[in-house]
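Novice:
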Amino acid sequence: MPFKLQHTVVRVSSIEEAKDFYLNKVGLELLEDSGNFFAAKAGNVRLSFFGGYEKPEASEDPKTGVSLIFRTDNLEASAKELEAKGVKPFGDVIDIPNFHKFLEYEDPDGNVFFLAEYHVEPV
13 MPFKLQHTVV RVSSIEEAKD FYLNKVGLEL LEDSGNFFAA KAGNVRLSFF
63 GGYEKPEASE DPKTGVSLIF RTDNLEASAK ELEAKGVKPF GDVIDIPNFH
113 KFLEYEDPDG NVFFLAEYHV EPV
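Number 135 marks the last residue of the sequence shown (this note's numbering); no jumps.
Right, here's the structure in full:
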C-alpha cells in the first residue's frame, strides 16, 4: 500500500513564538488556532504545532529529530525573503546535482527545516 505524507506534528516550547515564526516569517497559511495548538498548511500537508516541548540544556544536542522540507520554485528569492524577516540559514546553498539544492534553517526550538528547489521531482 503506498503512503502519502498528509499531516505531521511539531512540538514547540512556545506556541506564540512558533506562530510568529512559521506564519509571519516562513509564510505558512493558518488553518486552525485553538490557543494550545495551531495548524498550518504547507502545500498539501497539514502541520500541527503543539506546545509543551522542553528545550534541552545548552550542553545537550538541541536537535529534536524533526526536519521539514519546504519546496520552493526559486531558492535564492525565497531565501532573501526569509532573510529580510530575520531568518538566516546555517550555511551556503548545497546543490545535489540531478536532485535538488537547499539551505538549512532552524526554528526557535531547534527544529530543523530546509528550503529546497528541486531539479527533478523527488518521487
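We treat Cβ as the ideally placed atom computed from N, Cα and C, and that holds for glycine.
All figures in this text were calculated on a predicted structure; none of them were measured in a lab.
Look at residue 83 and residue 128 and say whether their C-beta atoms are less than 7 Å apart.
Specialist: Numbered from 1 along the sequence shown, position 71 holds the residue referred to as residue 83. Numbered from 1 along the sequence shown, position 116 holds the residue referred to as residue 128. Yes.
Novice: Return helix, strand or coil for residue 60, following the three-state DSSP convention.
Specialist: Taking the first residue of the sequence shown as 1, we reach residue 60 at position 48. The answer is strand: DSSP assigns residue 60 an E or B state.
Novice: Give the range of the alpha helix (DSSP H) segment to which residue 90 is assigned.
Specialist: Here residue 90 refers to the residue found at position 78 when the sequence shown is read from its first residue. 87 to 96 is the extent of the alpha helix (DSSP H) around residue 90.
Novice: Are there 16 or more other CB atoms within 10 angstroms of the CB of residue 30, so buried, or fewer, so exposed?
Specialist: Your numbering for residue 30 matches position 18 in the sequence shown. When all chains shown are included, residue 30 counts as buried.
Novice: Could you tell me if residue 102 is buried or exposed, where buried requires 16 or more neighbouring beta carbons within 10 angstroms of its beta carbon?
Specialist: Counted from its first residue, the sequence shown places residue 102 at position 90. Residue 102 is exposed by the Cβ-count criterion.
Novice: Could you compute how far the alpha carbon of residue 88 sits from the alpha carbon of residue 38?
Specialist: As a working mapping, residue 88 is identified with position 76 in the sequence shown. As a working mapping, residue 38 is identified with position 26 in the sequence shown. Cα-Cα distance, rounded: 14 Å.
Novice: Excluding five sequence neighbours on each side, which residues of the same chain lie with their C-beta closer than 8 Å to the C-beta of residue 126?
Specialist: By 1-based counting over the sequence shown, the position of residue 126 is 114. Sequence-distant Cβ neighbours of residue 126 in its own chain, meaning closer than 8 Å and more than five residues away, are 79, 80, 81, 82, 114, 115, 116, 117.
Novice: From which residue to which residue does the alpha helix (DSSP H) around residue 31 run?
Specialist: Counting from 1 along the sequence shown, the entry for residue 31 is found at position 19. 27 to 31 is the span of the alpha helix (DSSP H), which, as asked, contains residue 31.
Novice: Nearest to residue 59 by alpha carbon, out of 45, 133, 111, 130?
Specialist: Within the sequence shown, numbered from 1, the residue matching residue 59 stands at position 47. Closest in alpha carbon position to residue 59, among 45, 133, 111, 130, is 45.
Novice: Just to confirm, are residue 65 and residue 24 a CB contact at a threshold of 7 Å?
Specialist: Residue numbering aside, residue 65 sits at position 53 when the sequence shown is read from its first letter. Residue numbering aside, residue 24 sits at position 12 when the sequence shown is read from its first letter. It is a contact, given that the beta carbons lie within the stated cut-off.
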